Each structure stands twice: as structure tokens, then as C-alpha cells.
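All the letters of the sequence shown, read from the start, carry residue numbers -22 to -1, 1 to 86 under mature numbering (1 follows the signal peptide of the UniProt record, and there is no 0).
Cβ coordinates follow ideal geometry from the N, Cα and C atoms, glycine included.
Note that the structure is predicted; figures quoted are calculated from it, not measured.
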Amino acid sequence: MNVRMQALAALGFSVLSCAALAQPVQQYDFPSTPGSASPPSTLRITETPGAMAVPPANPPVVVRDTPESLDEYQRCRTVSDRAAVDSQQMRIGVATCLKELEARRQPR
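Now the structure itself:
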């Protein structure tokens, strides 16, 4: 009798587990147009309930550069790009221009 109860409990648990894991699946078949030369393929998307990200309590501050600051950045990039003779100098110039742009964003 005890073995039957354990087997029945295990069966019930597995049925409940499968039911909990069963989720609606969105399915897209490609190509969706008849006569396409590419072979058919299928994309399946499964959503897990409750796994969505929680929005932060304080939204991040949006930083907007002034048109003058963006113009200065473009001038810096132009001068830097023209002066660079290799990719390393170009990367250093871009980093310098970005640091100057970031410095202009800081409150004074």
C-alpha cells in the first residue's frame, strides 16, 4: 500500500510539474512568402512569467549635450582625425575628445 501511495504521489507531482512548465509558445515560420529560395526554418519564443526586469526606483538622469558642446566635440574629432597617422593615434584622439565632452557635462 505504501509503495502505491508513493507512486501515486510521484505521478501527481510530475503531472503538476509538467503543467507548471507548460507555457504558451510563439512560433514564427520563415520564409513566410511562398516561392522563396531559402530553406524553411522555425523560431520559437517562450516567455517565462515573472522573469521581467523590475524598473529601477529612481530612473537614470538623462544627459543632453548643448549644441555648442556637440559642435566643439565635432571640431575636436575633425582636428584629431586629420592629425592622426595611425589607428592608435586616432583612438587616443577620440578618447581625448570624449573626455572633454564628459567634462563639459559635469556641473560646475
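Pick from the options: whose alpha carbon is nearest that of residue i?
i	options	result
residue 45	53, 38 and 39	53
Report all residues from its chain with a CB closer than 8 Å to the CB of residue i; omit the five preceding and five following residues, and keep chain order.
i	result
residue 72	55 and 58
residue 68	58, 59 and 62
residue 35	none
Using the Cα positions of residue i and residue j, report the straight-line distance between them to the nearest angstrom.
i	j	result
residue 43	residue 77	13 Å
residue 21	residue 65	40 Å
residue -3	residue 24	The predicted position of residue -3 is uncertain, since its pLDDT is 49 and thus under 50; no value can be drawn from it.
residue 74	residue 19	47 Å
residue 37	residue 81	22 Å
What does a CB cutoff of less than 7 Å around residue i pick up in its chain, not counting 5 residues either side in sequence?
i	result
residue 48	none
residue 51	75 and 79
residue 70	none
residue 33	none
What distance in whole Å lies between the Cβ atoms of residue j and residue i, which are believed to be in contact at a cut-off of 8 Å?
i	j	result
residue 40	residue 83	The pair is not a contact, with the Cβ atoms about 11 Å apart (cut-off 8 Å).
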